[in-house]
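Peer 1: Take the sequence shown: its letter number 349 is residue 369 in the working numbering, and every next letter is one higher.
For every residue, glycine included, the Cβ atom is placed at its ideal position computed from N, Cα and C.
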Amino acid sequence: VPKVVLVGHEDRIPVSDVMNLFFGSCRISGNAVIAGDSEEPVILSERNGTDICTSYRSTSGDRRWCSGPDRLVPKREVKRQLYQALSELTGRRFPWGSLTGIRPTLMAAECDYDPEQLRDRFYVSAPKAIIAAETARNEKRLLDDIPQDSVHLYIGIPFCSTRCEYCSFPMAEYGKMTAILPAYIDALIRELDFFVPSFAGRIASVYVGGGTPTGLPTELFTRLMHGIERALGGQRIGERTVEAGRPDSITGRNLQEMREAGFDRICINPQTFHQRTLDRIGRRHSPEAIYEAVYAARDAGFATINMDLIAGLQGETTDDFRFSLAETIRLSPENITVHSLSLKRTSDLKRHLAADMDADVHEAFDRLGPDIADMLAYSHPTLAENGYKPYYMYRQKDTLGGHENIGYTTPGHACVYNTAMMGDRHTVFGAGAKAMSKRVIPSTEGYRIERFPNKADIRAYLADQEEHFRKKRAFLDGLV
Ligand code: SF4
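1) Given a threshold of 16 other Cβ atoms within 10 Å of its Cβ, counted over all protein chains shown, does residue 99 qualify as buried or as exposed?
2) Give the secondary structure of residue 103 by DSSP, where H, G and I count as helix, E and B as strand, and everything else as coil.
3) Name the two residues that bound the continuous beta strand (DSSP E) containing residue 359.
4) Can you list, in chain order, the residues of its chain whose CB lies under 7 Å from that of residue 480, leaving out five sequence neighbours each side?
5) Thinking C-beta only, is residue 249 closer than 8 Å to residue 285?
6) Could you check if residue 143 is buried or exposed, using at least 16 other CB atoms within 10 Å of its CB as the buried criterion?
7) Can we say the region 240-254 touches the region 320-330, given the rule of at least three CB pairs closer than 8 Å?
8) Measuring only the C-alpha atoms, how far is residue 33 from residue 256?
9) Around ligand 1, which residues pass a check of Cβ closer than 6 Å to any of its heavy atoms?
10) Compare the Cα-Cα distances from residue 444 to each of 282, 349, 471 and 66 and report the closest residue.
11) For residue 472, report the span of its beta strand (DSSP E) as first-last.
12) Among 166, 112 and 117, which residue has its Cα nearest to the Cα of residue 441?
13) Here's a check: name, in chain order, each residue in its chain whose Cβ is nearer than 6 Å to the Cβ of residue 104, leaving out the five neighbours to either side.
14) Does the region 110-123 come into contact with the region 138-153, if we say contact requires no fewer than three beta-carbon pairs (one atom in each stretch) closer than 8 Å?
15) Which residue's Cα is closest to the Cα of residue 399: 148, 62 and 66?
16) In the structure shown, what three-state DSSP assignment does residue 339 receive?
17) Of the choices 310, 63, 297 and 229, whose alpha-carbon is the least far from that of residue 283?
18) CB-CB under 6 Å to residue 185, same chain, minus the five flanking residues each way: which ones, in chain order?
19) Specify the secondary structure class of residue 351 as computed by DSSP and reduced to three states.
20) Compute the distance between the beta-carbons of residue 36 and residue 46, then report whether it is under 8 Å.
21) Under 8 Å by Cβ, that's how I've got residue 122 and residue 416 pegged, so tell me the actual separation to the nearest angstrom.
22) Which residues bound the beta strand (DSSP E) around residue 71?
23) How many Å lie between residue 463 and residue 169 at the Cα?
24) Could you tell me whether the Cβ atoms of residue 52 and residue 23 are closer together than 8 Å?
25) Are residue 272 and residue 203 touching if we call contact CB-CB under 8 Å?
26) Considering residue 328, what are the terminal residues of the alpha helix (DSSP H) in which it resides?
27) Given a threshold of 16 other Cβ atoms within 10 Å of its Cβ, counted over all protein chains shown, does residue 211 qualify as buried or as exposed?
28) Could you tell me the alpha carbon to alpha carbon distance between residue 376 and residue 422, rounded to whole angstroms?
29) Would you identify the three-state DSSP class for residue 267, choosing helix, strand or coil?
30) I'd like to check one pair, residue 65 with residue 27: are the Cβ atoms closer than 8 Å?
31) Leaving out five residues on either side along the sequence, give the residues of the same chain with a beta carbon under 7 Å from the beta carbon of residue 163.
32) Would you check if the region 418-435 and the region 354-366 touch, i.e. whether three or more CB-CB distances between them fall below 8 Å?
33) Pull up the distance between the alpha-carbon of residue 214 and that of residue 292, whole angstroms please.
34) Please state if the CB of residue 327 and the CB of residue 288 are separated by a distance shorter than 8 Å.
35) What do you reckon, are the CB atoms on residue 437 and residue 410 nearer than 8 Å?
36) Counting Cβ pairs closer than 8 Å, one from the region 124-140 and one from the region 155-162, do we hit at least three?
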């Protein structure tokens, strides 16, 4: 496992990103980035002005790469050369090449939506380059249609009945939070009441996300829906979505409450249609519950249903995934989101794996998801044949094999909230614990984003709301 020594530059983070890609973890020590104990061979990453070279010595001869006429900006050139060196040393290549960021579509836009440029500049594989360019074009068309001064409202309910094995998101399980839930819903509504009137006429989308919002006790879910309706004060809003999440949290009563509050989009996220996998990941429902939830949502009048699947769930083969995709398509949701399994740091999945795996993402990948690439390669053309187009895409750290998550839609059903959230060109107001707000500031280079996080801890969020409101108001008004 090599050590990279930086000479004439301090791009430790870009170098660490590439080292993480290949070795799963690394550490910075002075001007070196090290991924393991052996520290051999030593790779030199040298910069002199805009000239960058990467080299190492080996028993089979010296190897050296230097920037030529097609050089990228320095940080990217450093990464590109290091990617070449490590590919040669390890024999490994990654589907997104030297791209380590979470938004490949931004790079596709910079490359004029040209897959060839993505391949030449970053060594992105041909299939990924094509899908990135297609997704970026669709995303741009949608983003251009969203009014620049619009505001997108996120309302966070960060609770679930249990935590799925692969998930690191929910901060609390409903069962352990019973006493505090009423205070949380009241605080959330207070936050909406305080801020939402100031966005009057500008709110283009409302997204109630989780966790599993529909897992709230009936009385609190009703209180939440009424609170949202009252805060919005009858404003005409183009899109209202509830991310219900787990099928077994959906009831006739909460579907009706959502519809009465003006919500006509719902996310029902099965992840898989196999009982043994549902059991393994900690879901407490049957595949039948998925069909029932979708039929019930349709009966209740939801015009857009999104369904999430995960490629690479432990123990699943490509055929298993194909079956889940086929069943999802058979239910005709307007949106399908295909995720790649991530080995999230705080997930039970990661904890369940042997400690020695921490240093080697490839071992985890080999054990957990050898078929992810096949699953994704199958899903894209299959969804295209069934009328679904990709419209947003993101990557997560720790995704096995370095793959991506893609949101697909049928015509006219793309989620404005997701598009705006991913696009980083519109203001997002996040209410609730851990919710993030984004203020977009046009700049000479396009747009600059400033973020304001709500307190992540539930009790901290509940405490001292007035002080929190004061700071957030100042942020939204551009005073801090
Ligand atoms: S339902 Fe969703 S948010 Fe909740 S634990 Fe499972 S994956 Fe995570």
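Peer 2: Based on what the coordinates show:
1) With 16 or more Cβ atoms within 10 Å of its Cβ, residue 99 is classed as buried.
2) Under the three-state reduction of DSSP output, residue 103 falls in the helix class.
3) Unbroken beta strand (DSSP E) run through residue 359: 355-360.
4) Counting only residues of its own chain and dropping the five nearest sequence neighbours on each side, residue 480 has no CB closer than 7 Å to any other CB.
5) The answer is no: Cβ separation not under 8 Å.
6) Residue 143 comes out buried.
7) Touching, no.
8) The alpha-carbon atoms of residue 33 and residue 256 are separated by roughly 45 Å.
9) My final list is 180, 183, 184, 187, 189, 190, 230, 231, 232, 265 and 266.
10) Considering only 282, 349, 471 and 66, the residue with the shortest C-alpha distance to residue 444 is 471.
11) The continuous beta strand (DSSP E) containing residue 472 extends over residues 466-473.
12) It is 166.
13) 85.
14) Yes, they touch.
15) Here the closest residue by C-alpha is 148.
16) Three-state DSSP puts residue 339 in a helix.
17) Out of 310, 63, 297 and 229, 229 has the C-alpha closest to the C-alpha of residue 283.
18) Closer than 6 Å at Cβ, skipping near neighbours: 301, 302, 368 and 369.
19) Residue 351 falls in the coil class under three-state DSSP.
20) A contact, by the Cβ cut-off of 8 Å.
21) That pair is a contact at about 7 Å.
22) For residue 71, the enclosing beta strand (DSSP E) begins and ends at 71-78.
23) Residue 463 and residue 169: Cα-Cα distance of roughly 15 Å.
24) The Cβ-Cβ distance between residue 52 and residue 23 falls below 8 Å.
25) Not in contact: residue 272 and residue 203 (Cβ atoms no closer than 8 Å).
26) Counting along the chain, residue 328 falls outside any alpha helix (DSSP H), though it belongs to the beta strand (DSSP E) covering 324-331.
27) The residue in question, residue 211, is buried, as its Cβ has 16 or more Cβ neighbours within 10 Å.
28) Bear in mind that the predicted position of residue 376 carries a pLDDT of just 49, short of 50, making it too unreliable to give a figure here.
29) Collapsing the DSSP output to three states places residue 267 in a helix.
30) With contacts defined as CB atoms closer than 8 Å, residue 27 and residue 65 qualify as a contacting pair.
31) Same-chain partners within the cutoff: 439, 443 and 445.
32) When Cβ pairs closer than 8 Å are counted between the two stretches, the region 354-366 is seen to touch the region 418-435, the count reaching three or more.
33) Cα-Cα distance, rounded: 40 Å.
34) Result yes, Cβ atoms of residue 288 and residue 327 sit closer than 8 Å.
35) Taking 8 Å as the Cβ cut-off, residue 437 and residue 410 do not qualify as a contacting pair.
36) Touching, yes, given that three or more Cβ pairs across the two stretches are closer than 8 Å.
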